[in-house]
Amino acid sequence: AVSTGGAWIFYFADAPTLFVNFFTLNSPFVAYATVAILTATTYIFAGFAREQICTYACPWPRIQGAMIDEHSLIVSYDSQRGEPRTLRKRERDKLGDKAGDCVDCNACVAVCPQGIDIRDGEQLECITCALCIDACNAVMDKVDKPRGLISYATYADRAATKKNTAVKPAWHSFIRPRTYVYIIGFSAISLAMVGTLLVRDRLDMSVLHDRNPQFVKLSDGSIRNGYTVKILNMIAQPRTFTLSITGLNGATMKISGSDNEPARSMEVKVGPDKLRAFKVYVTAGKGGLPAGRNDLQFSVKDTLGEETTSYDAVFKGPKK
């Protein structure tokens with residue numbers, strides 16, 4: 021249960037760093053709260069409500085019910101051989117050769133984690149664990165009957181047995197149009213997922229213009245706009261980026277808190293798997309600046325590679 025909770029939070033953060041911080045009590049409260057909640061729910065669901073979760077919450081029974089047909093290999097009971105079932109020896113002696121091999125011991129029901137009777141046919145709750153097969157085979161050994169009263173078989177095989185016709189080998193159930201469609205579908209989905217991971221973005225950014233004030237007129241007559249620039253580094257190594265502006269002639273920018281002189285580009289550093297926000301001020305000279313809104317573009321480029329991204333923004337000034 022604890023491992024389940026840990027796996028969830030490690031997936032959404034830098035796992036090695038969070039692992040160390042977690043056990044040195046340096047992780048944020050939300051990490052401990054998430055692990056505690058997932059540990060409690062996993063323990064309760066797996067320890068006290070397994071049957072209910074498998075029956076009502078797990079999607080697998082619905083998927084299984086929608087995908088199988090008469091040629092699907094499933095756990096099934098051979099009613100042709102097992103019926104009529106009898107428990108008492110007196111009843112079996114009375115029926116003689118007409119008595120089925122099933123001795124109605126309910127061993128298959130006793131071992132089933134879902135508590136179902138496989139002899140009633142295919143059921144939504146069946147998880148195909150095959151414990152009923154092992155239990156029935158053990159009973160058949162004790163009563164000197166052939167194994168396989170409960171076994172992996174298809175409905176087509178059971179029907180063929182009743183009609184005394186030839187039963188196809190098990191591998192035949194895998195060679196048919198339906199299985200080809202499933203293979204093609206799952207392969208396409210898998211390839212799409214792998215392709216998405218291979219070409220996924222490793223860099224992203226967003227820019228938010230200050231709402232109040234939208235612009236400031238400086239003492240020398242130039243106009244300054246403020247922006248919050250967020251850069252997301254989506255790999256496990258720290259990276260250095262070049263942040264630059266384009267589209268507004270003569271404009272320069274300065275990052276709040278830095279010692280750099282105003283320029284059209286400057287380098288910034290972002291840690292592994294981190295989102296870092298920068299307060300950026302863009303200043304445009306008083307001469308030649310069009311009135312109102314002006315197009316401005318922020319760009320970020322990895323200094324060690326060709327990966328780049330950009331964000332379209334606006335530079336606002338007084339209306340003339």
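In terms of the numbering used here, the sequence shown is residues 21 to 340.
We treat Cβ as the ideally placed atom computed from N, Cα and C, and that holds for glycine.
Here the structure is a predicted model, which is why all the values come from computation and not from measurement.
Residue i, enclosing beta strand (DSSP E) - first and last residue
| i | result |
| --- | --- |
| Ser226 | Leu223 to His229 |
| Tyr97 | Ile94 to Tyr97 |
Residue i burial status per 10 Å Cβ neighbour count (16 or more: buried)
| i | result |
| --- | --- |
| Ala155 | buried |
| Ala51 | buried |
| Phe194 | exposed |
| Thr106 | buried |
| Leu38 | buried |
| Met286 | buried |
| Leu218 | exposed |
| Tyr76 | exposed |
| Val123 | buried |
| Ser47 | buried |
| Val201 | exposed |
| Cys78 | exposed |
Where the alpha helix (DSSP H) through residue i begins and ends
| i | result |
| --- | --- |
| Pro161 | It should be noted that the sequence gives Asp, not Pro, for residue 161. From DSSP, the alpha helix (DSSP H) with Asp161 extends over Leu151 to Lys162. |
| Asp341 | In the structure as shown, the chain begins at 21 and stops at 340. Residue 341 is therefore absent and cannot be evaluated. |
| Thr59 | Phe49 to Phe68 |
| Thr216 | Pro197 to Leu218 |
| Asn335 | According to the sequence shown, residue 335 is Phe rather than Asn. Element bounds for Phe335: not the alpha helix (DSSP H) but the beta strand (DSSP E), Thr328 to Lys336. |
| Leu38 | Ala35 to Phe43 |
| Gln84 | Trp80 to Met87 |
| Tyr31 | Val22 to Tyr31 |
| Ala130 | Ala127 to Val131 |
Whole-number beta carbon distance between residue j and residue i, since they are thought to touch under 8 Å
| i | j | result |
| --- | --- | --- |
| Ala304 | Phe261 | About 23 Å; that fails the 8 Å criterion. |
| Pro133 | Arg82 | Contact doesn't hold; Cβ gap of about 19 Å is too wide. |
| Val320 | Met225 | 5 Å |
| Arg244 | Val302 | 7 Å |
| Ile138 | Cys149 | So it is not a contact: roughly 11 Å between Cβ atoms. |
| Asp34 | Pro292 | 6 Å |
| Asp322 | Arg198 | Asp322 to Arg198, Cβ: 48 Å. No contact. |
message = Just to confirm the assignment: which complete alpha helix (DSSP H) runs, minimum length 4, are found wholly within the segment 237-322?
response = none
task = Specify whether the segment 316-333 and the segment 256-270 touch according to this definition: at least 3 beta carbon pairs, one from each stretch, less than 8 Å apart.
result = yes
inquiry  = Across the segment 174-183 and the segment 89-102, are there enough close Cβ pairs to call them in contact, namely three or more that are closer than 8 Å?
reply    = yes
key: the segment 273-282 in contact with the segment 322-331 per 3-pair CB rule at 8 Å   = no
message = Below 8 Å, how does it come out for the segment 280-298 and the segment 247-255: are there three or more Cβ pairs, yes or no?
response = yes
request  = Evaluate the contact criterion for the segment 59-68 versus the segment 21-28: three or more CB pairs, one atom per stretch, below 8 Å.
outcome  = yes
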